[in-house]
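A.B. asks:
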Amino acid sequence: MAQEQKEPAGTPQLDAEAVARLYADISQKSSELLGKFMARGADGVPAFNDELGIAKAFYEAWQQMLTDPMRIAEMQMKLWQDYSALWQSSMFKMFGQNVEPVATPDKTDRRFRHQDWENNFVFDYVKQSYLIAARHFHQALGGVDGLDDKTAKKVDFYVRQYVDALAPTNFLMTNPEALRETVNTGGQNLLKGLHNLLEDLAQGDGGQLRVRMTDTGAFQLGENIAASKGKVVLQNDIMQLIQYEPLTKKVHAVPLLIIPPWINKFYILDLRESNSFVRWAVEQGHTVFVISWVNPDGKLAHKRFDDYMTGGSLAALEAIADITGEKQANVIGYCLGGTLLACTLAWLAAKKQQRVRSATFFVSMIDFERPGELEVFIDEQQVDALEKKMEERGFLEGSEMATTFNMLRANDLIWSFVVSNYLLGKDPFPFDLLYWNGDSTRMPAAMHTFYLRNMYLKNLLSRPGGITLAGVPIDVTAFNMPAYFISTAEDHIAPWQSTYAGARLLKGPVRFVLGGSGHIAGIINPPAANKYSYRVNEALPAQPAEWLKGAKEHPGSWWTDWGQWAASHAGASVAARQPGSKRYPALEDAPGSYVRQRVA
């Protein structure tokens with residue numbers, strides 16, 4: 048009788064039923080995607096169109112490089128020297144000697160955290176070889192002399208995109224963590240990764256890959272996210288106004304209005320109870336109102352920037368005055384909402400109306416002369432191409448805007464999820480901030496064209512009378528009231544040096560504060576988390592570097608600093624207010640219906 052063969056110790060146990068289900072699902076999704084691909088193929092292969100001007104920019108860079116053969120030779124010599132040093136140090140390391148690495152990743156680079164990148168001779172060599180090649184390639188093309196400023200920035204940006212895409216962490220055979228997972232699971236991670244890839248392709252519009260960053264089924268608006276209690280007290284075709292229920296018996300007399308950006312949804316300020324700025328502000332005794340913008344479709348293509356002011360910020364101020372009985376409000380504007388706030392204040396100043404007591408700007412730009420890395424995506428050629436797309440649909444698709452922002456931090460917001468979802472075969476982890484990040488919104492064509500051309504391309508908002516809204520030429524230097532600017536040190540969307548330039552345009556007393564981290568994490572930083580720090584300088588010298596040199600650093604969250612500043616402009620204590628009034632009755636529970644409109 049033949050002996051029953053035993054599997055070697057450590058052999059992974061395959062779940063045959065689960066594998067069979069995966070194969071069946073993969074087969075079905077593959078067939079569906081193939082059918083869609085064949086249907087699109089019947090329309091012919093689309094012609095190449097360099098809408099972003101990338102090919103043109105790199106052609107100019109290569110031309111400039113070829114005019115200086117000595118520089119090319121010098122770069123090649125430096126590359127050869129670094130590789131020779133790597134080979135020499137690797138030989139010493141192979142024989143057990145401790146040697147300093149030739150190339151090390153940046154402290155913020157999380158791609159090479161797995162221990163094998165340091166301890167395994169082969170993978171350490173692969174890592175350093177990549178870092179050397181990446182550095183020299185970036186210096187060679189990203190630092191070409193003789194290019195105009197815009198072309199140089201475009202080349203530099205897309206060189207980094209190319210270099211990041213070719214990192215050894217992104218490929219199975221050069222990623223030690225993925226290889227270990229393949230051995231440990233008997234390859235089930237790759238099957239699961241293929242399943243995840245096909246699922247993301249199926250979710251993408253037109254066969255595009257839409258990489259999932261979080262478990263979208265883990266969150267329900269109004270239950271475990273955007274759950275602060277309140278009522279919608281005003282609704283028009285462009286926004287809903289939410290008033291939150293008080294959490295204190297007494298409140299400040301002057302109400303607080305928050306104007307979020309309509310690039311994303313308002314609940315970034317009301318994620319969970321522990322990190323909700325809305326709830327925290329209510330706990331500080333503020334009567335909080337928040338605008339929830341509509342997610343527009345083609346029917347709202349005609350909506351202009353003027354409409355977001357008249358039907359948004361101005362309509363909200365009118366309703367708040369009726370509900371609270373206060374003629375003035377303190378107002379916060381976040382990102383693009385801050386730009387709208389500056390426009391609204393300038394418009395009110397031109398009309399001689401004093402409806403705002405103080406203004407707070409969260410990572411908001413008013414002067415767009417130096418818009419940071421977003422400038423790569425905004426030039427005459429790209430705006431023309433974008434306008435043609437928007438004319439066909441009536442809006443800018445939210446996913447396109449989200450992809451642009453993700454590219455600014457590609458390693459963290461794209462490639463890390465490619466590795467986790469497809470190579471390691473992991474399901475996305477539930478994360479409230481990433482859920483919000485994936486809940487994108489559209490932009491009406493008329494509004495977005497106005498915004499890009501007048502703010503980014505021409506920088507007209509910083510010029511008195513440069514922009515006319517609702518028939519009134521506005522001047523952001525004309526309004527005079529206390530203002531608070533919070534910016535963040537690592538902001539890629541609204542660089543703090545640019546927001547600082549906007550702060551210096553204002554007449555009234557300005558408090559400029561610089562927090563840690565970036566555009567989102569630096570703002571959503573509750574005191575209880577005790578993360579980062581913030582800097583304050585009471586003066587506003589001409590140059591941001593001078594401000595930073597004289598700034599004093601404080602531990603923890605800037606929320607407490609703003610809380611003290613806001614309380615000084617919030618008036619006396621009055622009895623707490625319940626949402627709504629006779630003229631503005633409660634229409635539905637927060638977070639309202641507009642925020643539930645998702646991009647398909």
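Note that the working numbering has the sequence shown beginning at 48, numbered continuously upward.
Note that beta-carbon positions come from the ideal geometry of N, C-alpha and C, so glycine has one too.
What you are looking at is a predicted structure, and each value in this text was computed from that prediction instead of being measured.
#1: What is the C-beta distance between alanine 633 and lysine 278, in whole angstroms, given that I count them as a contact (C-beta under 8 Å)?
#2: Please look up how many angstroms separate the CB atoms of isoleucine 533 and valine 560, rounded, as I've assumed it's under 8 Å.
#3: If you drop the 5 nearest sequence neighbours on each side, which residues of the same chain put their C-beta closer than 6 Å to that of serine 137?
#4: Quick check on the DSSP output: what are the complete alpha helix (DSSP H) runs of length 4 or more inside the segment 150–188, in order along the chain?
#5: When the Cα atoms are used, what is the spatial distance from alanine 108 to arginine 558?
#6: Comparing C-alpha positions only, which one of Leu388, Tyr381 and Ala598 sits nearest to leucine 316?
#7: Check whether the segment 294–304 and the segment 233–252 touch, using three or more Cβ-Cβ pairs below 8 Å as the test.
#8: Assuming tryptophan 606 and proline 573 are in contact, meaning their beta carbons sit under 8 Å apart, how far apart are those beta carbons, in whole angstroms?
#9: Tell me whether the beta-carbon of leucine 395 lies closer than 9 Å to the beta-carbon of phenylalanine 408.
#10: Can you say whether proline 602 is buried or exposed, counting buried as having 16 or more other CB atoms within 10 angstroms of its CB?
#11: Could you check where the beta strand (DSSP E) with asparagine 584 kicks off and where it finishes?
#12: Tell me whether the beta-carbon of leucine 178 lies closer than 9 Å to the beta-carbon of alanine 150.
#13: Exposed or buried, which one is leucine 44 when buried takes at least 16 other CB atoms within 10 Å?
#14: Which same chain residues end up closer than 6 Å to asparagine 584 when comparing Cβ atoms and leaving out the 5 residues on each side of it in sequence?
#15: What does DSSP give as the partner residue(s) for serine 534 in the beta ladder?
#16: Of the choices Ala541, Asp262 and Glu600, whose alpha-carbon is the least far from that of alanine 417?
#17: Mind checking serine 131: buried by the 16 CB within 10 Å criterion, or exposed?
#18: Leaving out five residues before and five after glycine 639 in sequence, what residues of the same chain have Cβ atoms less than 7 Å from its Cβ?
#19: What three-state label does DSSP hand glutamine 375 in the structure shown?
#20: Please state whether the Cβ-Cβ distance between glycine 21 and aspartate 426 is less than 9 Å.
#21: Would phenylalanine 352 be called buried (16 or more neighbouring beta carbons within 10 Å of its own) or exposed?
#22: Tell me, to the nearest whole angstrom, how far the beta carbon of tryptophan 483 is from that of lysine 312; I am working on the premise that it is less than 8 Å.
#23: Kindly provide the ranges of any alpha helix (DSSP H) runs that are 4 or more residues long and lie completely inside the segment 184–262, ordered along the chain.
#24: For the beta strand (DSSP E) containing glutamine 282, name the first residue and the last one.
#25: Using C-beta distances below 6 Å, list every residue in its chain close to asparagine 577, excluding the 5 sequence neighbours before and after it, in chain order.
#26: Using DSSP's beta-bridge definition, name the partner residues of glutamate 600.
#27: Does proline 520 come out as helix, strand or coil in the three-state DSSP assignment?
#28: For leucine 587, which three-state DSSP category applies?
#29: Let me check one thing: in DSSP terms, what residues is serine 405 bridge-paired to?
#30: Below 8 Å CB to CB, which residues in the same chain sit around valine 92 once its five sequence neighbours on both sides are set aside?
#31: Excluding the 5 residues preceding and the 5 following threonine 451 in the sequence, name in chain order all residues of the same chain whose CB lies nearer than 6 Å to its CB.
#32: Taking just the CA atoms, how far does alanine 432 sit from valine 401?
#33: In the DSSP assignment, the beta strand (DSSP E) including lysine 297 goes from what residue to what residue?
#34: Can you name the residues that DSSP bridges to aspartate 636?
#35: What is the DSSP secondary structure of tyrosine 631, reduced to helix, strand or coil?
#36: Output the boundary residues of the beta strand (DSSP E) element that contains isoleucine 101.
C.D. replies: By the coordinates alone:
#1: 4 Å
#2: 5 Å
#3: Tyr172
#4: 163–166
#5: 43 Å
#6: Tyr381
#7: no
#8: 6 Å
#9: no
#10: exposed
#11: 580–584
#12: yes
#13: No answer is possible for residue 44: the residues shown for the chain start at 48 and end at 647.
#14: Trp594, Gly597 and Ala598
#15: Leu561
#16: The sequence shown places arginine at residue 417, rather than the alanine named in the question. The option with the nearest alpha carbon to arginine 417 is Ala541.
#17: exposed
#18: Val279, Gln287, Ile289 and Ser339
#19: coil
#20: Nothing about residue 21 can be read from this structure; the chain reaches only from 48 to 647.
#21: buried
#22: 7 Å
#23: 196–212, 223–232 and 235–250
#24: 277–282
#25: Gly603
#26: Arg582
#27: strand
#28: coil
#29: Asn377
#30: Its pLDDT being 47, under 50, valine 92 is placed unreliably by the model, and the measurement read from it follows with that caveat. Same-chain partners within the cutoff: there are none.
#31: Phe424
#32: According to the sequence as given, residue 401 is glutamine; it is not valine. Each residue's Cα considered, the two are about 41 Å apart.
#33: 297–299
#34: Lys278
#35: coil
#36: Per DSSP, isoleucine 101 belongs to no beta strand (DSSP E); it is in the alpha helix (DSSP H), 101–113.
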